[in-house]
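J.: Heads up, this note's numbering is the position in the sequence shown plus 179, with the first residue counted as 1.
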Amino acid sequence: MQSNIKHVLSATDLETIRTHIATAQWQSGAASAGASARSKKANEEMDQGSESWKAINQLVVTQLYSHPVFQSMVLPLKVSAAFVSRCLPGMHYGRHIDDPIMGSLNSRYRSDVAVTVFLSEPDTYDGGELKIQSRFGPVSVKLPAGSAVAYPASSLHEVTPVTRGERVVCALWAQSMVRDAQQRELLHDLDEARQALHQSTPKAQITTQIEQVYANLLRLWADV
Ligand code: NI
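(1) Verify the contact flag: ASP359, CB atom, against every heavy atom of the ligand NI, threshold strictly below 7 Å.
(2) For ALA329 and GLN204, which I take to be in contact (beta-carbon distance under 8 Å), what is that distance rounded to the nearest angstrom?
(3) Leaving out the 5 sequence neighbours to the left and right, which residues in its chain are closer than 6 Å to ALA261 when beta-carbon positions are compared?
(4) So the candidates are LEU256, ALA190, HIS271 and HIS199; which of them puts its Cα closest to the Cα of ASN222?
(5) So what's PHE249 in DSSP terms, helix, strand or just coil?
(6) How is the beta strand (DSSP E) around ASP305 delimited, first residue to last?
(7) Mind checking whether the beta-carbon of HIS336 lies closer than 7 Å to any heavy atom of the ligand NI?
(8) State yes or no: is the C-beta of ALA401 within less than 8 Å of the C-beta of MET356?
(9) For the alpha helix (DSSP H) that LYS233 lies in, which residues bound it at each end?
(10) Under 8 Å by Cβ, that's how I've got ALA332 and SER290 pegged, so tell me the actual separation to the nearest angstrom.
(11) GLY273 to LEU366, Cα distance in whole Å?
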């Protein structure tokens, strides 16, 4: 299941990022695609050797990693660099599945969770919906700038053609300490319950009990 993470980036962060985007160098996105996705990819990506990219990457990865909802939902062990992707009118990314193993030879990671951080406001472009296939059918996602969606990287997904404006997003992947998506979902639900109890009845026996169950389930399911 996909989940939205609000306010990953502040208004100030977005302003900084837009300054960098305005002067960025872009190249064809096909170069970074896995073999199965290459022919479906019609987008542009920011040159990862550029100073603009380094600044954006640093900001987005730091803010995402420190976001409490991302931590609770993803339980990240490794987080990739942020690929900054742009679709202009006519560009899209056809239905595909992400590579299971990513990274360079010495820093491989398994892509358990895919994350898209939206950098363009939804009213500045038409089309460009992220369509994710879920157990309950396709879900279309187009979020305010600064928000993110996290979904199992095993899901089929696509970006529909942009018909007006410019869609800029950051795409990242995480290897989770818990590889099974259903287990991650249960842990996230339990973590929310645990936090609510911690707020309402911090000294109650039930609070301690739920804390214990969360900690021991995480111990049982996590690989580090
Ligand atoms: Ni993808």
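We put the CB at the ideal spot given by N, CA and C, even for glycine. All values derive from a computational prediction rather than experimental measurement.
T.: Based on what the coordinates show:
(1) Taking the Cβ of ASP359 as the reference point, every heavy atom of the ligand NI lies at 7 Å or farther away.
(2) About 28 Å; that fails the 8 Å criterion.
(3) Taken in chain order, the residues that qualify are ASN236, VAL239, VAL240, CYS349 and LEU351.
(4) Ranking the options by Cα distance to ASN222, first place goes to HIS271.
(5) In the three-state scheme derived from DSSP, where H, G and I count as helix and E and B as strand, PHE249 is classed as helix.
(6) Secondary structure note for ASP305: its beta strand (DSSP E) is the uninterrupted segment 304-306.
(7) Between the ligand NI and the CB of HIS336, the shortest heavy atom gap is smaller than 7 Å.
(8) Yes, these two residues count as a Cβ contact at 8 Å.
(9) Element bounds for LYS233: 230-244.
(10) With 8 Å as the limit, ALA332 and SER290 qualify as a contact, their Cβ atoms being about 4 Å apart.
(11) Each residue's alpha carbon lies about 32 Å from the other.
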